[in-house]
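Read the structure below first, then the notes.
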Amino acid sequence: MMTVLIVSTVLLTVCVLALGVGVFVLARQIGVLHERLAPIGVQPVLAGLQAGQALPQITARTLDGAAVSVGGLNLSGRAMVLMFVSADCPVCKRTLPTARSVAKEHDLDLVLIGEGDVAALSAMASRTSLDGVPLLLSTELLLLMQIERLPTLVALDPRGVITAREIASSRREIEALVATLPPVRQALTEESLHVAV
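Counting from 1, one number per residue, gives the positions in the sequence shown under UniProt numbering.
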């Protein structure tokens, strides 16, 4: 009788340990899947400035403290894509190389707008090869745009008018956003210098 109790206790202990290992493995796998999941399809964005509205000129700061102007009239005639990112956003980290590649192919200025802890953003910038893409900090821009989900990309024509604003995580979605911009280096004629209201 005592042998049966000992054997059943040992088997029960082994089962509990196996269940504990199983729960740990499942929890780890759920974390991995969570990082791999990206927003599916185009997500509606309803708050803040929308397509057709002009982004006023805002002075933001890089992580080093240098001032950079975003929005308003761009006298170089180049369009700009703003990408709102966070250090703890795995989709942002995965989307950044694609956004950088698309911006380079279409001769656009890509600017990252960081959201969250400055130390974490600095660590992200040092770990990630930004290749000259500025990472800016601007609470004013975040409040004006009312960014709720990341990565949100905003396309600005040379006049500073928003042509598209979407949550984009794939090359197809980024290309669709860029397709809303006027031809690259379009001459800034007197008519095109009028900023949309």
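All C-beta atoms, glycine included, are put in the ideal place defined by N, C-alpha and C. The structure displayed is predicted, hence computed values, not measured ones.
Each of 135, 52, 67 was checked against the Cα of residue 59, and the nearest Cα belongs to 67. Around the beta carbon of residue 114, a 10 Å sphere encloses 16 or more other beta carbons of the protein chains shown; the residue is thus reported as buried. Here the alpha carbon of residue 19 sits roughly 21 Å from the alpha carbon of residue 33. Comparing C-alpha distances from residue 117 to each of 89, 183, 153, 8 shows the shortest one belongs to 89.
In this structure, residue 99 lies away from residue 123, with their beta-carbon atoms at least 8 Å apart. The residues 49, 50, 51, 52, 53, 54, 55, 154, 155, 156, in chain order, have a CB closer than 8 Å to that of residue 162 in the same chain once the five nearest residues on each side in sequence are set aside. Counting other Cβ atoms within 10 Å of its Cβ, residue 148 stays below 16 and is therefore classed as exposed.
Contact annotation, residue 112 with residue 135: C-beta distance approximately 4 Å; criterion of less than 8 Å satisfied. Rounded to whole angstroms, residue 93 and residue 102 show a C-alpha spacing of 15 Å.
In this structure, residue 183 sits away from residue 83, with a CB-CB distance that is not shorter than 8 Å.
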